[in-house]
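In what follows, a single structure is set out as structure tokens and then discussed.
Protein chains: 2
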Amino acid sequence: MEKFKSLDVLKQQAILEAALEEFAEHGYDMASTNRIVKKAGIGKGMLFYYFNSKKELFHHLVSYSFDLVVKEYFNLVDLSEKDFIERFKQASKVKLKAQTENRHVFNFIGMVMLEKGLELPEDLQKQFKELQRQGYALVYEGIDTSLFKQDVDVEKTFNLIRWAIEGYQNELLRKLEGQKMAAIDFDPYWQEFYEYLDILKRSFYK
Amino acid sequence: MEKFKSLDVLKQQAILEAALEEFAEHGYDMASTNRIVKKAGIGKGMLFYYFNSKKELFHHLVSYSFDLVVKEYFNLVDLSEKDFIERFKQASKVKLKAQTENRHVFNFIGMVMLEKGLELPEDLQKQFKELQRQGYALVYEGIDTSLFKQDVDVEKTFNLIRWAIEGYQNELLRKLEGQKMAAIDFDPYWQEFYEYLDILKRSFYK
DNA sequence: ACACCTTTTGACCACAGTGGTCAATAGAAT
DNA sequence: ATTCTATTGACCACTGTGGTCAAAAGGTGT
């Protein structure tokens, strides 16, 4: 592992990217170390020289990805925004940027979340819990609930808005999948997104 | 195939269930015919005596599942209900019942929808398109749009409501996963669900 | 009892691909 | 020239695959 970290950064990147992509696409069991080394352009031996096993490599990727999400996404959201929907809008912007610049990382994390029967060592479990906590804070912490209509259950309203927005984003992702993120002009989609947010505001706010 | 169809219905069921479960859990490539025959309680040879290959078995399952969804779900939704949210409520009831009684089928279809690079023969593709069409009609056909507030984009409002409801259902499913469907008392969840629908009505309807 | 046909079994096959190893090399540093 | 590290890829034992087929078992009519 120190061997790996004292490597040329570009080569590190190449290996990480190759491995992230492979795991994201095939899941842990079906991911092939042979394909990883081929994609990364290194000899088979090196992978096991840097990391000692497939599992160790995987754990490193998990930790790396968690860190990246926190640094490039969570930490960049302005928690002083008290308006729930505005907060969400802002978070969406930051997230999209991070996602565009780190496609493999986000896909990889998606796979980690979905895969059943994956057992992580305790330290990574902890990191994962922390990630969830921060993700929760991102959406709920310090929200001004007085903006909502008075007679409704605030938590339920939160959820409805959250689900609606996530639904839009998922549907958009599915529609755009296959296209190179970087090549897409997102402006019209932002436009559309804002219109949806507007409807939500008019419906749920005073 | 005629061999299979002239089999005792219970044995047919056992084989289908075993295969559906195996494919749903592992995807096409990783599904093992060995495990299927073991689960189904038949000898290895029989699977290839009934169906000639793994692929043929898979295609039969797809067709069977599509038919079942139409018969046990789509056809049972009352399209004369013009209220969008009421329609959704009704569809949810029917769907849950079908899902409880045919867990493997619904899981299997979920896997078929998600799996990438799956190529279906033309007739199944057609069946699939038809399924999508009916699913669309289920939610949008014959809806009374005059119930909504006047100044909003109806289609966008449809979508927001749909996403919110689907979001609730997905989150519930995740929360309950692992438990035996049949053993769950759904009443409190229906209660909760209705409360969410109520908020939606008060927010989006006149 | 026999023949004839269908159904059923599971040992067996060739093969593909796995994670991991290690002797051999190439490079760098002293 | 020597020592140490970085790097390669052929190789290994192993696991599991989809599919086959000779043999056995069951059923039916004569």
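Protein chains in written order, with my numbering: chain A, 218 to 423; chain B, 218 to 423.
Glycine residues also receive a C-beta, built at the ideal position from the N, C-alpha and C atoms.
8 Å Cβ cutoff, residue i in contact with chain B
i: GLY260 (chain A); result: no
i: LYS288 (chain A); result: no
i: SER420 (chain A); result: yes
i: THR374 (chain A); result: yes
i: TYR413 (chain A); result: yes
i: MET247 (chain A); result: yes
i: LEU377 (chain A); result: yes
C-beta contact flag for residue i and residue j at 8 Å
i: VAL322 (chain A); j: LEU293 (chain A); result: no
i: GLU242 (chain A); j: SER249 (chain A); result: no
i: VAL398 (chain A); j: MET247 (chain B); result: For the record, residue 398 (chain A) in the displayed sequence is Met; it is not Val. No, they are not a contact pair.
i: LYS423 (chain A); j: LEU364 (chain A); result: yes
i: PHE301 (chain A); j: ILE378 (chain A); result: yes
i: GLU289 (chain B); j: ALA308 (chain B); result: no
i: ILE253 (chain B); j: ALA235 (chain B); result: yes
i: TRP407 (chain A); j: TRP380 (chain B); result: no
i: LYS299 (chain A); j: ASP361 (chain A); result: yes
i: VAL371 (chain A); j: ILE416 (chain B); result: no
Bridge-paired residues (DSSP) for residue i
i: PHE365 (chain B); result: B:TYR422
Short CB-CB distance (under 8 Å) between residue i and chain A
i: LYS423 (chain B); result: no
i: ASP370 (chain B); result: yes
i: GLU383 (chain B); result: yes
i: ILE416 (chain B); result: yes
i: LEU173 (chain B); result: Look at the range of chain B in this structure, 218 to 423, and you will see that residue 173 (chain B) is not part of it.
i: LEU237 (chain B); result: no
i: TRP407 (chain B); result: no
Same chain, Cβ closer than 7 Å to residue i, neighbours up to 5 away in sequence not counted
i: SER280 (chain A); result: LEU341 and GLN344
i: LEU393 (chain A); result: ILE401
i: PHE325 (chain A); result: LEU237, PHE240, ALA241, LEU278 and SER282
i: LEU414 (chain B); result: ILE302 and LYS306
i: TYR266 (chain A); result: LYS220
Of the listed residues the options, nearest to residue i (C-alpha basis)
i: ILE259 (chain A); options: A:LEU278, A:LEU285 and A:GLN229; result: A:GLN229
i: LYS373 (chain A); options: B:SER420, B:GLU372 and B:ILE253; result: B:SER420
i: VAL287 (chain A); options: A:ILE416, A:ALA257 and A:ASN319; result: A:ASN319
i: ARG391 (chain A); options: B:LEU331, B:GLY359 and B:ASP361; result: B:LEU331
i: PHE268 (chain A); options: A:LEU233, A:LYS256 and A:ARG252; result: A:LEU233
i: LEU285 (chain A); options: A:GLY262, A:LEU274 and A:LEU348; result: A:LEU348
i: TYR385 (chain A); options: A:GLN396, A:ASN251, A:TYR411 and A:GLY395; result: A:TYR411
i: ASN387 (chain B); options: A:GLY334, A:ASN376, A:HIS276 and A:SER223; result: A:ASN376
i: GLN396 (chain B); options: B:ASP225, B:GLU409 and B:THR317; result: B:THR317
i: PHE275 (chain A); options: A:SER223, A:LEU224, A:GLU409 and A:LEU337; result: A:LEU337
i: VAL356 (chain A); options: A:PRO405, A:ARG304 and A:LEU389; result: A:ARG304
i: GLU273 (chain A); options: A:MET218, A:LEU224 and A:LEU227; result: A:MET218
Sequence-distant residues of its chain with Cβ nearer than 8 Å to residue i (five each side left out)
i: PHE403 (chain A); result: LEU313
i: GLU358 (chain A); result: LEU296
i: GLY244 (chain B); result: MET328 and GLU332
i: GLY352 (chain B); result: PHE291
i: LEU335 (chain B); result: TYR245 and VAL329
i: LYS346 (chain B); result: none
i: GLU339 (chain A); result: none
i: ASN251 (chain B); result: LYS261
i: GLN367 (chain A); result: LYS423
Close Cβ partners of residue i (< 6 Å) along its chain, the five nearest in sequence each way excluded
i: LYS256 (chain A); result: ALA235
i: LYS261 (chain A); result: VAL254
i: ARG350 (chain B); result: none
i: LYS222 (chain B); result: none
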